[in-house]
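Accompanying notes for the structure given below.
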Amino acid sequence: FLNTFVWSKALDNASGHLETSGGDDSRVSFTQRRSYKGVSGYNQPFNNTMTVIWEVPFGKGRKFGSDIPGIANVVLGGWNLSQTTTANSGLPVNLVYSPVARLQVGSIGNIRANVIGDPLTPEAARGPTNYLNRSTVLEIVSNTATLANPYGNVGRNVVEAPGYFATDFGLHKQVSLPREGMKIEFRAEFFNFFNRTNFGQPGSVLGTPSFGIISSSGPARVSQMSLKLVF
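Residue numbers for the sequence shown, in this note's numbering: 21 to 251.
Dropping the structure here:
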């Protein structure tokens, strides 16, 4: 039995270029430096992985059934079972919008929106098509003042996407052959065994059709089997 648990918090002012997701940005406005401090784009406060490996005590050379006939041992004896369960917090989501056009040399990066309440849809009504509350996340009104300061009041990466939970199972067995040093190894592996849907991050750009909608998910159950001859 092995369990690893991490409870952490990662803070920075910007993500690396290869770590921007969920609307996060790798650039910082010099006029808004303080507002960029927030949890990192890869911040996941809770991470837990539990692994169990069990050598079933039945068959030749094991506690029970050591005198089992050879053919029966091939079918019933010598099995190993393994299980790995992974549970992680969701990744951060940065609530941004596309600012009005202006004279500029290049891209100004992602501009955060205004919030007037909880940006998450109430839990009872929350789902993949309305994860974010469209009535509490607003664009900045377009006027002369906002051209100079288009930033809203929401902090960076304040929303957390759905978490991840999956259990993998393995079933393994080795059968020795009459010739010395030869054996057959059988493996059956099942990833996301319970076929749980692990939703991705919602669309974070206000004003786009995908805002607040989760359109991706992790892999469904995957099963694979293999048979290997070792000589």
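Just so you know, even glycine gets a beta-carbon here, dropped at the ideal spot from N, CA and C.
| Item | Value |
| --- | --- |
| Backbone CA spacing between residue 26 and residue 69 [nearest angstrom] | 9 Å |
| First through last residue of the beta strand (DSSP E) which encompasses residue 90 | First-last for residue 90: 90-96, but that is the alpha helix (DSSP H), not the beta strand (DSSP E). |
| Which residues DSSP lists as bridging residue 222, in chain order | 234 |
| Secondary structure of residue 216, DSSP reduced to three states | coil |
| Given residue 117 as reference, the closest of 134, 155 and 59 once Cα atoms are compared | 134 |
| Residue 50 burial status per 10 Å Cβ neighbour count (16 or more: buried) | exposed |
| CA nearest to the CA of residue 185, picked from 248, 104, 28 and 87 | 104 |
| Residue ranges of each beta strand (DSSP E) within the stretch 132-214, 3 or longer | 184-196 and 203-211 |
| Ranges of the alpha helix (DSSP H) found wholly within the stretch 48-102, counting only runs of at least 4 | 90-96 |
| Reference residue 330; option with closest CA among 235, 245, 199 and 237 | Outside the shown range of the chain (21 to 251) lies residue 330, about which nothing can therefore be said. |
| Euclidean distance between Cα positions of residue 245 and residue 96 | 18 Å |
| Coil, strand or helix - residue 251 by DSSP | coil |
| Limits of the unbroken beta strand (DSSP E) element including residue 22 | 22-27 |
| Buried or exposed (CB count within 10 angstroms, at least 16 for buried), residue 215 | exposed |
| Contact check, residue 34 vs residue 113, beta carbons under 8 Å | no |
| Assigned secondary structure, residue 115 (DSSP; H/G/I helix, E/B strand, else coil) | coil |
| Under 8 Å between C-beta atoms of residue 187 and residue 213 | yes |
| Beta-carbon proximity list for residue 203, same chain, < 7 Å, skipping 5 on both sides | 194, 195, 196, 197 and 250 |
| Residue 71 to residue 189 span [Cα, whole Å] | 10 Å |
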